[in-house]
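The working numbering numbers the first residue of the sequence shown as 15 and each following residue consecutively. Even for Gly, the Cβ is constructed at its ideal location relative to N, Cα and C. Here the structure comes first, spelled out in structure tokens, and everything after it is commentary.
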Amino acid sequence: MATIVKHTETGKQLVLIGAGFGAYQSKKPNAFFGDWVADTESGSQEMVCVCNSDGLIGWMYSEEVNVISVDGVPVGDLIP
Numbered sequence: 015m016a017t018i019v020k021h022t023e024t025g026k027q028l029v030l031i032g033a034g035f036g037a038y039q040s041k042k043p044n045a046f047f048g049d050w051v052a053d054t055e056s057g058s059q060e061m062v063c064v065c066n067s068d069g070l071i072g073w074m075y076s077e078e079v080n081v082i083s084v085d086g087v088p089v090g091d092l093i094p
């Protein structure tokens, strides 16, 4: 069976395929000190891979979806 999630903005139900964690870091030379004191930017983002009823796969931010059911059982019945 599947895990069904609901997109909070549109209300569309999607199938959860998997989850991922993205992280990045970039450096650019400092205007005065070059590479010795490079300006660094970094961050991370939790993502989920979902599929719609047409079979199209895409990635969404995990905070944009709520789990509706797991293997056909509503989440409220799984967690008292």
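Outcome for residue i when other beta-carbon atoms lying within 10 angstroms are tallied against a minimum of 16
| i | result |
| --- | --- |
| L28 | buried |
| V51 | exposed |
| V19 | buried |
| V64 | buried |
Start and end residues, alpha helix (DSSP H) containing residue i
| i | result |
| --- | --- |
| L92 | V89 to L92 |
Coil, strand or helix - residue i by DSSP
| i | result |
| --- | --- |
| E23 | coil |
Contact check, residue i vs residue j, beta carbons under 7 Å
| i | j | result |
| --- | --- | --- |
| M61 | G32 | no |
| V89 | V81 | yes |
| T22 | L30 | no |
Start-to-end residues for the beta strand (DSSP E) that takes in residue i
| i | result |
| --- | --- |
| N80 | V79 to V84 |
| S56 | G48 to C65 |
| G69 | Unbroken run through G69: none, as it is neither H nor E. |
Integer-rounded CB distance, given that residue j should sit under 8 Å from residue i
| i | j | result |
| --- | --- | --- |
| D85 | M15 | 4 Å |
| Q39 | T24 | At roughly 32 Å, the Cβ-Cβ gap does not stay under 8 Å, so Q39 and T24 are not in contact. |
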